[in-house]
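Letter 25 of the sequence shown, counting from 1, is numbered 25 in UniProt numbering, and no numbers are missing.
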Amino acid sequence: DVNSVSIGSRTNIQDNSLVHVAKSNLSGKVLPTIIGDNVTV
């Protein structure tokens, strides 16, 4: 685990979905993965 994944309320992540995180972008800025409210992935 290199970074955080935040999943909001009432979201739906189905079978065989992949949520990828990276430690940082090319400039070194930390970019967590955030899935907001009422989002279906």
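Yeah, the Cβ is synthetic: ideal placement off N, Cα and C, and Gly gets one too. Please read these numbers as outputs of a predicted model, since none were measured by experiment.
| task | Assign Val13 to one of three DSSP states: helix, strand, or coil. | result | For this step, residue 13 is matched to residue 13 along the sequence shown. Looking at the sequence shown, residue 13 is not Val but Ile. In the structure shown, Ile13 sits in coil (DSSP, three-state: anything other than H, G, I, E or B).
| field | Sequence-distant residues of the same chain with beta carbon closer than 8 Å to Asp37, five excluded per side | value | For the purposes of this step, residue 37 is identified with residue 37 of the sequence shown, where counting begins at 1. Answer for Asp37: Gly8, Ser9, Arg10 and Thr11, listed in chain order.
| task | Ignore the nearest five residues each way along the sequence and tell me which others in Ser6's own chain have a CB closer than 6 Å to its CB. | result | Taking the first residue of the sequence shown as 1, we reach residue 6 at position 6. If we look at Ser6 and ignore the five residues flanking it on each side, its Cβ neighbours are Ile34.
| query | Under the DSSP definition of a beta bridge, which residues are partnered with Val5? | reply | One-based indexing of the sequence shown puts residue 5 at position 5. In the DSSP output, where bridge partners are listed per residue, Val5 has Thr33.
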